[in-house]
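In the working numbering, the protein residues as written are 40 to 500.
From the three backbone atoms N, C-alpha and C, an ideal C-beta is built for every residue, glycine too.
Note that the structure is predicted; figures quoted are calculated from it, not measured.
Report on the structure given below.
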Amino acid sequence: MAKQSAPVKKNETITLSFEDLTHEGNGVGKIDGYPLFVPYGLPGEEAQVKVIKVNKNFGFGKLLEVKNPSPERVEPPCDVFYKCGGCQIQHMSYDLQLDMKQNQVKSVMRKIAHLDHVPVHSTIGMEDPWRYRNKVQIPVGEKDGELITGFYQKRSHAIIEDQDTCVVQDEVNDRMVEAVRRIASRLGIRAYDEKGHRGVLRHIMVRTGRETNDTMIVLITRTEKLPHKEQLIKEITETYPHVKSIMHNVNNKQTNVIFGQEIKRLWGEDYIYDTIGDIRFAISAKSFYQVNPPQTKILYDKALEYAKIDSNDTVIDAYCGIGSISLFLAQKAKKVYGVEVVPEAINDAKMNAELNDITNAEFHVGEAEKVMPKWKAQGLNPDVIVVDPPRKGCDEELLKAMTDMQPKRIVYVSCNPSTLARDLRILEDGGYETQEVQPVDMFPQTNHVECISQLILKEGN
C-alpha cells in the first residue's frame with residue numbers, strides 16, 4: 040500500500056482557517072483533515088501561514104498575516120512578547136485565556152481521566168492580570184562593556200537586550216533589577232560568560248512581599264568573592280530603604296540550574312515576610328513561595344472549602360513545602376501533619392507555624408510515599424489528605440498510600456492538568472469519586488493553569 044503523504048509541503052505558503060487552540064495556546068487549522076499547529080493563531084481567523092515542519096499526522100506553521108482578526112485578538116503590551124518565551128498568550132483577550140484554560144482541563148478530564156461527568160468550573164481569574172509576580176530571576180550579560188539584563192529569547196540562551204521592563208513582574212522587582220545592574224556595571228563587576236565559564240555575576244533575583252513591601256535581593260555569582268561588595272551594598276541600601284535583605288549565592292558549575300548550594304547573607308535579614316490571608320510567612324532566598332499571592336489566597340480558600348474540615352478532623356498535607364496550605368488547614372482542623380522531602384522547607388514550615396502561634400501542625404522530613412505507610416502502621420487515620428505535588432504529579436506509591444489510609448476526603452492541588460487527570464483516574468480506581476474541579480489562573484498571560492479537585496470516598500469502601 041502506498042504511503043499517504045501530507046497534503047502540505049515544508050516551506051509552502053497556504054491560507055489556513057483556525058478552528059481551535061492547543062493547551063499551549065497555539066492555533067489549530069486543518070488542510071484536508073491534516074492538522075497544522077500555528078503559534079499566535081486564534082479560532083475564527085483566516086491567515087497566511089508558512090509550513091515549517093511536516094510530520095506524518097500533523098505539522099507546524101508560522102503565522103505570516105492574519106486576514107480577518109478575531110475580536111478576541113489584542114495587542115500585547117509587552118514590547119518583546121514575540122521574542123521572549125516567558126508569556127505565551129498575551130495576544131488573547133483575558134476572557135479567551137480563561138476559557139482556554141477551562142477547556143484544557145475539561146479535555147484532559149475526558150481523554151485521560153475518562154471523567155466526562157465531573158464538573159470543571161470556569162477558571163477563576165484576576166481583576167488585574169498584570170504585574171502579579173512577586174519574584175524575578177533574570178540572567179546577566181554584557182554589551183559594549185556594560186551589564187545588561189533580560190530574559191532569554193525562545194529556545195536560546197541569548198539575552199533579549201531591549202527588555203527594560205516585564206509586564207507580569209511586580210514593578211518594585213523591575214526597578215530593583217535595573218538598579219542593581221546599573222550599580223554593578225558602574226563598579227566594574229563583570230557578567231558571567233557561560234561559553235567560557237568566566238566572569239562573575241550570573242543572575243539577579245529579587246523577591247518582594249506584596250503585603251509588606253519587604254524586598255530581598257539575591258546575587259548569584261560564579262565566584263566565591265563578590266568584587267566591590269561593600270560599595271554595592273552601601274549604594275543599594277542607602278538608595279532603596281525597602282530592601283531588607285541582600286544575599287549571595289555561589290554557583291560555580293557549568294549548568295542551567297540557577298542556584299548553587301552555598302548561600303550567605305551579605306546584609307540585613309535572612310528572611311523577608313509576607314502575608315496570605317491571616318497567615319504570615321517568613322521567606323528565605325530558596326523558599327518555595329507562590330509567585331501570585333492574591334490568587335494563592337483564592338486557591339487555599341478553595342482547598343479549605345473542599346476539605347470540609349472541622350475541629351475534630353486530622354489532616355495530612357503531602358508535599359507541604361514551607362507549610363503554606365498546612366497552616367491554613369490548621370486554623371480549622373484538630374491536627375495537621377505535613378511531610379516534605381526538602382529539609383530546608385520543613386525548617387521554614389516549623390518557623391512559620393511558630394510565627395503564627397499555630398501549635399496543632401507537625402512537620403516531618405521525608406518522602407510522603409514512605410512516611411505515610413509508617414504513620415498508618417502507627418495508627419494515624421486522617422480524615423482528609425491534601426496533596427500539592429510538583430508538575431510530574433504523584434508517585435504511584437503515594438497514591439496507593441493515600442487510598443490505603445482511606446480518608447473521607449482528598450483535596451488534590453495541581454499545576455499540571457495532564458498529571459492531575461492521570462492521578463485522578465488512579466484514585467477513582469482506588470475507591471474515590473471526583474466531585475468537581477476548579478481551575479485557578481495563577482499565571483495570567485501564560486498557558487499554565489492551576490487546578491484544585493475534591494474527591495470523596497465512595498460508599499462501601
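Output the distance between the C-alpha atoms of Asp209 and Asp71, rounded to the nearest integer angstrom.
Going from the Cα of Asp209 to the Cα of Asp71 covers about 46 Å.
Beta-carbon proximity list for Ala152, same chain, < 7 Å, skipping 5 on both sides
Only residues of its own chain outside the window of five on either side were considered, and among them Ala460, Leu463 and Arg464 have a CB closer than 7 Å to the CB of Ala152, listed in chain order.
Determine which residues share a DSSP beta bridge with Ile198 and list them.
Beta bridge pairing from DSSP links Ile198 with Tyr191.
Coarse secondary structure for Gln329, derived from DSSP in three states:
Looking at Gln329 - three-state DSSP - the assignment turns out to be coil, as it is neither helix nor strand.
Roughly how many angstroms lie between the CA atoms of Phe367 and Leu55, to the nearest whole one?
Computed Cα separation, rounded: 50 Å.
Supposed contact pair Val219 and Tyr12 - C-beta distance, whole angstroms, cut 8 Å
The structure shown does not extend to residue 12, since the chain spans only 40 to 500, so no value can be given for it.
Same chain, Cβ closer than 7 Å to Tyr358, neighbours up to 5 away in sequence not counted
Glu379, Ala407, Val426, Asp427 and Pro428, listed in sequence order.
Report the partner residues of Arg112 according to the DSSP bridge assignment.
BP columns for Arg112 point to Met131.
My output table needs one value for Lys413: the three-state DSSP class, helix, strand or coil.
In the structure shown, Lys413 sits in a helix (DSSP, three-state: H, G or I).
Considering only the alpha carbon of each residue, which of Lys122, Ile163 and Glu85 lies closest to Asn107?
Ranking Lys122, Ile163 and Glu85 by Cα distance to Asn107 puts Glu85 first.
Sort Ser224, Val375 and Met215 by Cα distance to Gly184 and report the nearest one.
Ranked by how close their Cα comes to the Cα of Gly184, the residues Ser224, Val375 and Met215 have Ser224 in first place.
Per DSSP, what kind of secondary structure is Arg430 in: helix, strand or coil?
Correct three-state label for Arg430: coil.
6 Å Cβ shell around Gln293 - same chain, five flanking residues per side excluded:
Cβ contact annotation for Gln293 (same chain, cutoff 6 Å, sequence separation greater than five): His236, in chain order.
Segment contact flag, the segment 433–446 with the segment 106–120, C-beta cutoff 8 Å, min 3 pairs:
The segment 433–446, when compared against the segment 106–120, does not touch it at the 8 Å Cβ threshold.
Thinking C-beta only, is His403 closer than 8 Å to Ile385?
At the C-beta level, Ile385 and His403 come within 8 Å of one another.
Between the segment 348–356 and the segment 305–325, do three or more beta carbon pairs fall short of 8 Å?
Taking a cut-off of 8 Å for Cβ pairs, the segment 348–356 and the segment 305–325 do not touch, as fewer than three such pairs fall below it.
Close beta carbons around Ile222, own chain, < 7 Å, minus the five adjacent residues each side:
So the qualifying residues of the chain are Leu271, Glu274 and Ile275.
My parser needs the alpha helix (DSSP H) runs of 4 or more residues fully inside the segment 418–472; what are they?
Counting only runs of 4 or more, we get 435–444 and 456–468.
CB of Gln477 within 8 Å of CB of Lys341, strictly
Yes, these two residues count as a Cβ contact at 8 Å.
Got a sec? Which residues, its chain only, sit under 6 Å from Arg229 by beta carbon, not counting five neighbours each side?
The residues Gly238 and Val239, in chain order, have a CB closer than 6 Å to that of Arg229 in the same chain once the five nearest residues on each side in sequence are set aside.
Quick one: Cα of Met215 to Cα of Asn142, how far?
One alpha carbon belongs to Met215, the other to Asn142, and they sit about 38 Å apart.
Could you check the C-alpha separation between His160 and Gly316 for me, to the nearest Å?
Cα to Cα, His160 sits roughly 23 Å from Gly316.
From this set, Tyr451, Asp313, Ala440 and Tyr171, which residue's C-alpha is nearest Asn391's C-alpha?
Selected option, being the one with the closest Cα: Asp313.
At the level of alpha carbons, what is the spacing between Gln202 and Thr188?
Within the model, the alpha-carbon separation for Gln202 versus Thr188 is close to 8 Å.
Residue environment, Lys95, which counts as buried when at least 16 other CB atoms sit within 10 Å
So Lys95 counts as exposed.
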